[in-house]
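For reference, the structure is listed below as structure tokens.
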Amino acid sequence: MSSFPPLPSFGALAGLKVLDLSRVLGGPYCGQILADHGAEVIKVEPPAGDETRSWGPPFAADGTAAYFNGLNRNKRDIVIDLSQPAGREIVLKILEDCDVLIENFKIGTLERWGMGYEQLLRERFPRLIHCRVSGFGADGPLGGAPGYDAVAQALGGLMSVNGTPETGPLRVGVPVVDMTTGLSAVIGVLLAVIERQRSGRGQFVEATLYDSTVALLHPQSANWLESGKTPQLSGNAHSNIVPYDKFPTRTCEVFLGIGNNGQWKKLCEFLGHPELAEDPRFVTNAERFRHRPQLRTLLEGHLQQVDGEELCRNLLAAGIPAGAVRPIPQVLTDAHTLHRKMVVEVEGKRAIGIPIKLSRTPGQALSAPPRFGQHTRALLAEYGFDAAAIDALLAQGTVMDGSPAA
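Taken in order, the sequence shown gives residues 139 to 544; the numbers are from this note's numbering.
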């Protein structure tokens, strides 16, 4: 059985209490980051469960999808039917000693239940930080519309700069918008926590998929705002820097990230063609950009003769940013990945580690993702419900401690 310290005593956020009402990705990712750094996070699931529990294969031995498990460690789990008044009363009771509320309900849902921030929560819990993750926010032409990562990538312009002229616009292969929105939510929560130390008051924090997508459009957005020229699909090539692109070698594909003229000169020397750095067509980035096709042809000819992995090791040792294009299994078993503790094992489950390293108060992955309703009884008891009251709540379906309803 999974263990979980009722009052985490590790990390920079020890003592912070979070109620996570969110589902799917952005909200749960925010909650997990806070939990990884010591916040006590209580996850509330609806009777049908967080839908990502079924987003597989693959599934763990208990039938939970890996997708869910990657976003919900270090949390305790309670199942509450918020459509019932008794369920909402339980949430309000838990909020009495919470610092943060995370939710991603459809806009207007909390208000319909009489639990909106302006409607109730701000006055009843003046120190509460209410963080809402949504697709487009509550107002504006798209206010209240539902949103998923790929839809935001499309509407927010990200797809328009990802891909090649041959493929057309492509979705970025990872849910970068959802995850960026989760990170924005974390930043917003922490900003509000710091401000509360001065004012003693909580506030409403909003992070939307649409805003996050637009914020990711650098440097293309800056380029358009300056020049008025619509950014074009450029595949792996950079919109401003040359050479900053993927190239084939004899053994694998590699990515060269040449960010300045000094790196360019060193690359040319390393390849045994120092004359390239003195060629008027390539001497500055602006000239290299202007003559990109010719430069690419020359580099491809030289790179086709070398071992890509060895090349990248040597380039990195020489101070030149470069990397072989590697598949996920190779990355997750790489010596540097393991050295950086970016793969961890918690209660027999392997997972991605914690990317933010703090010297005195490091984050930790202490408990595996919770089973559906695993801590329902224990949490209700902590909040003053006796055994008879808990049994009654279970009997009427206000709370659950088992598998999602079919």
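In this text, a Cβ means the ideal position worked out from N, Cα and C, and glycines have one as well. What you are looking at is a predicted structure, and each value in this text was computed from that prediction instead of being measured.
Outcome for residue i when other beta-carbon atoms lying within 10 angstroms are tallied against a minimum of 16
i: Y521; result: exposed
i: M139; result: In this prediction, M139 scores a pLDDT of 37, lower than 50, which makes its location untrustworthy; the coordinate-derived value is nonetheless stated afterwards. It is exposed - the Cβ of M139 has fewer than 16 other Cβ atoms within 10 Å.
i: I492; result: buried
i: P223; result: exposed
i: Q443; result: exposed
i: L145; result: Any reading at L145 is ruled out, since the residue's pLDDT is 48, under 50, leaving its predicted position unreliable.
i: H474; result: exposed
i: P264; result: exposed
i: A231; result: The identity of residue 231 in the sequence shown is Lys, whereas the question assumes Ala. The residue is exposed, with fewer than 16 neighbouring Cβ atoms inside 10 Å.
i: N212; result: buried
i: A413; result: Reading the sequence as shown, one finds Glu at residue 413 and not Ala. E413 comes out exposed.
i: S221; result: exposed
i: T471; result: exposed
i: G278; result: exposed
i: H356; result: exposed
i: I267; result: buried
i: T422; result: exposed
i: G446; result: buried
i: Q358; result: buried
i: D524; result: exposed
i: N210; result: buried
i: S365; result: exposed
i: L454; result: exposed
i: A177; result: buried
i: E261; result: exposed
i: L172; result: buried
i: T302; result: exposed
i: R214; result: buried
i: H312; result: Per the sequence shown, the amino acid found at residue 312 is Val instead of His. The residue is exposed, with fewer than 16 neighbouring Cβ atoms inside 10 Å.
Residue i - containing alpha helix (DSSP H), residue span
i: V289; result: D287 to L293
i: K231; result: P223 to L233
i: G201; result: G201 -> no alpha helix (DSSP H), and no H or E assigned at all.
i: L363; result: Q358 to S365
i: V327; result: V314 to S337
i: E256; result: Per DSSP, E256 belongs to no alpha helix (DSSP H) and is neither H nor E.
i: E189; result: No alpha helix (DSSP H) contains E189, which DSSP labels as neither H nor E.
i: I528; result: A525 to A533
i: N120; result: Given that the chain is displayed from residue 139 to residue 544, the structure contains no residue 120 and the question cannot be resolved.
i: P431; result: R430 to L441
i: H376; result: Element bounds for H376: n/a, residue is neither H nor E.
i: T247; result: T247 to R250
i: A473; result: A473 to H477
Minimum C-alpha distance to residue i - residue among the options
i: V271; options: A415, D316, D215 and A530; result: D316
i: R478; options: R334, I245, I490 and D383; result: I490
i: V463; options: L433, T389 and N423; result: T389
i: Y205; options: A375, G225, R161 and A323; result: R161
i: R430; options: P196, I379, G400 and P386; result: I379
i: R488; options: L476, I171, G282 and H376; result: L476
i: Q341; options: L437, L436 and L258; result: L258
i: V352; options: Q370, L328, V327 and T319; result: T319
i: L159; options: R451, Q170 and S350; result: Q170
i: G201; options: G208, R191 and L209; result: R191
i: A276; options: L233, Y348 and I325; result: Y348
i: L157; options: I240, F510 and L163; result: I240
i: K181; options: H175, L394, H411 and K155; result: K155
i: L163; options: Q468, N242 and G254; result: N242
i: A345; options: A530, V537 and G165; result: G165
i: I245; options: L405, G410 and A283; result: A283
i: G486; options: N207, E183 and E189; result: N207
i: L518; options: I218, A152, R426 and A186; result: I218
i: G410; options: Q432, L437 and P508; result: L437
i: G511; options: G252, G187 and D383; result: G187
i: P459; options: G338, I325, Y286 and K403; result: K403
i: L433; options: Y382, L504, T247 and P507; result: Y382
i: L532; options: I216, R426, G252 and P307; result: I216
Residues bridged to residue i (per DSSP)
i: S272; result: T346
i: P307; result: G301
i: V238; result: V156 and I267
i: E520; result: Looking at the DSSP assignment, E520 forms no beta bridge with any residue, so it has no partner.
i: E183; result: V217
i: V392; result: F385 and A462
i: E178; result: K155
i: V537; result: I218
Residue range of the unbroken beta strand (DSSP E) whose run includes residue i
i: R488; result: K487 to I490
i: K384; result: Y382 to P386
i: V104; result: Because the chain is modelled from 139 through 544, residue 104 falls outside the range shown and cannot be assessed.
Taking only runs of the alpha helix (DSSP H) that begin and end inside the segment 402 to 432, which ones reach a length of at least 4 residues, in chain order? 413 to 416 and 423 to 428
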